[in-house]
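K.L.:
Residue numbers (UniProt numbering): 1 to 513.
All C-beta atoms, glycine included, are put in the ideal place defined by N, C-alpha and C.
Starting off with a structure, shown below.
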């Protein structure tokens with residue numbers, strides 16, 4: 001078999017998923033991971049009896065009404081994790097004390113929109129009808145699109161015709177452009193909060209997300225993001241794969257424009273027939289490969305594309321319960337956070353882990369608050385004045401605690417643990433460019449140029465990239481799909497029939513925290 005021995009760079013979800021599918025199809029693989037843990041940014045932190053989750057807000061495919069459910073089953077996730085589908089996707093809290101609820105059920109969402117914008121009934125119907133279309137269609141994406149023949153295209157079109165019509169119509173319309181079609185002054189004033197996502201994102205993304213939630217195919221886990229990572233790690237190793245932790249790749253080795261292996265930062269060399277990088281895109285292309293295979297398109301992307309906005313995370317261990325509070329909500333602020341550098345963040349996102357028994361001692365609660373911030377501010381502060389960096393982290397946490405005290409009550413007196421993560425933390429932990437927690441921002445300028453991004457590099461054989469840097473947007477399902485599709489293509493090139501297996505329940509995989 002060609003490319004039998006494969007090295008994967010990075011034990012994030014993309015890298016481990018690729019490893020699983022390669023092992024299922026007879027490849028001999030090993031993963032080189034710079035850090036000490038699996039999952040990359042699909043992770044969390046334990047602090048003095050509390051667990052602060054840093055990743056999954058919802059998982060497409062958690063329910064059976066979506067093809068990703070099968071993929072997560074292949075990786076052993078569905079069999080070993082519990083998911084919740086709340087009545088509310090999220091609750092928006094405005095600074096004047098009013099609220100708007102993003103109901104999971106599309107009919108309730110329609111009524112909520114009519115409550116605040118009765119004069120926009122026709123436009124609301126267009127929105128909710130599109131959400132219903134997304135809910136009703138389960139895209140058959142088992143086969144990599146590169147391998148489609150005419151019959152595949154015809155079958156896909158027959159199954160997904162209405163879905164694709166929604167995507168075609170609304171995929172080039174931003175949330176802002178759509179929202180400003182409303183007559184309602186309330187919506188026109190508050191659409192940046194109501195529609196939840198970056199307003200330069202296509203409104204089709206909002207429709208799709210709410211469609212998956214409506215179909216109960218996109219719940220959030222009672223278990224931790226770290227557990228998901230551990231489950232896939234054990235699935236991979238159970239298939240015969242090997243992970244080398246604290247093994248940072250410094251160079252990807254080439255000879256005559258073919259990849260031959262990797263060199264670690266300790267000088268050790270590993271040879272391979274195939275190398276797949278699931279690491280940071282810039283580091284891979286411009287450092288490990290020294291920019292030798294970056295064409296004008298890739299240079300354009302890395303010079304011009306916006307990365308996902310950096311965020312500040314504050315984890316709070318609180319010695320009280322929040323039984324009457326939603327799991328996921330936002331708080332509009334009277335003024336932007338003062339201690340957040342040059343960021344103008346006027347919105348806090350709050351996750352209250354009140355259905356997660358492993359996240360805090362009994363009668364207590366883990367709460368994570370995050371807001372947009374400036375990567376440059378925190379990186380510069382850490383480099384030039386580490387003491388001030390630490391003091392500023394504390395100042396941000398104090399300011400956020402005060403804001404929660406004013407809005408939710410009984411917070412400060414019950415604080416037991418405070419943990420702060422900045423973009424510098426993300427950079428140090430995963431080497432993600434600009435401290436980005438996902439990759440490229442899902443905004444229209446990036447989307448229109450997405451074809452410039454590449455899975456393989458021009459002029460370089462036996463090498464591929466997967467993960468958040470090979471597409472605009474991201475999320476765990478998208479990188480699993482990339483990994484699965486790539487392995488299908490490799491099997492086809494090697495004259496194999498791609499095959500998968502379903503994992504089994506493993507009660508001892510991990511603790512919830």
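#1: Determine the contact status of residue 467 and residue 278, defining contact as a CB-CB distance below 7 Å.
#2: Considering only the beta carbon of each residue, do residue 38 and residue 229 sit closer than 7 Å?
#3: Looking only at its chain, what residues have a beta carbon closer than 8 Å to the beta carbon of residue 499, apart from the 5 residues adjacent to it on each side?
#4: Any contact of the segment 308 to 316 with the segment 482 to 500, i.e. 3+ C-beta pairs under 8 Å?
#5: Would you tell me roughly how many angstroms separate the C-alpha atoms of residue 291 and residue 22, rounded to the nearest one?
#6: Count the other CB atoms, across all protein chains shown, that sit within 10 Å of the CB of residue 266; report buried if there are 16 or more and exposed otherwise.
#7: Exposed or buried, which one is residue 153 when buried takes at least 16 other CB atoms within 10 Å?
#8: What residues in its chain sit with their C-beta under 6 Å from that of residue 130, if we drop five residues either side in the sequence?
#9: Taking Cβ to Cβ, would you say residue 137 is nearer than 7 Å to residue 160?
#10: By alpha-carbon positions, which one of 376, 97, 125, 99 ends up nearest to residue 110?
#11: Residue 251 by DSSP, collapsed to three states: which one?
#12: If residue 193 sits next to residue 92, beta carbons under 8 Å apart, how far is it from one beta carbon to the other, in whole angstroms?
#13: Taking the beta carbon of residue 511 as the centre, do at least 16 other beta carbons fall within 10 Å, making it buried, or is it exposed?
#14: Going by DSSP, name the residue or residues bridged to residue 351.
#15: Just the Cα atoms here: how many angstroms apart are residue 33 and residue 107?
#16: Per the contact definition of three or more C-beta pairs closer than 8 Å, is the segment 474 to 489 in contact with the segment 141 to 152?
#17: Find out if the Cβ-Cβ distance for the pair residue 18, residue 276 is shorter than 7 Å.
#18: Are three or more beta carbon pairs between the segment 68 to 78 and the segment 246 to 254 nearer than 8 Å?
#19: CB residue 50 to CB residue 397, shorter than 7 Å?
#20: Suppose you measure from the CA of residue 82 to the CA of residue 213; what does that come to, to the nearest Å?
#21: Determine the DSSP secondary structure at residue 356, reduced to helix, strand or coil.
#22: Counting only runs of 3+ residues fully inside the segment 169 to 257, write out the beta strand (DSSP E) ranges in chain order.
#23: Can you give me the Cβ contacts of residue 370 inside the same chain, cut-off strictly under 6 Å, excluding the 5 residues immediately before and after it?
#24: State the Cα-Cα distance for the pair residue 283 and residue 453, rounded to the nearest angstrom.
#25: Helix or strand or just coil, what does DSSP make of residue 93?
#26: Would you mind sorting residue 513 into buried or exposed? The rule is 16 or more other CB atoms within 10 Å of its CB.
#27: What residue does the beta strand (DSSP E) around residue 528 start on, and which one ends it?
#28: Touch check for the segment 188 to 202 and the segment 169 to 176: three-plus C-beta pairs under 8 Å?
P.N.:
The short version:
#1: yes
#2: yes
#3: 24, 25
#4: no
#5: 28 Å
#6: exposed
#7: exposed
#8: 166, 207
#9: yes
#10: 125
#11: strand
#12: 5 Å
#13: Low confidence applies to residue 511: its pLDDT is 39, below 50, so where it sits in the model is not reliable enough to give any reading.
#14: 328, 368
#15: 46 Å
#16: yes
#17: yes
#18: no
#19: no
#20: 16 Å
#21: coil
#22: 242 to 244, 249 to 255
#23: 311, 313, 349
#24: 15 Å
#25: strand
#26: Here residue 513 scores only 45 on pLDDT, less than 50, and its place in the model should not be relied on; the value that follows carries that caveat. Answer is buried; the Cβ neighbour count reaches 16.
#27: Since the first residue of the chain shown is 1 and the last is 513, residue 528 is not available in this structure.
#28: yes
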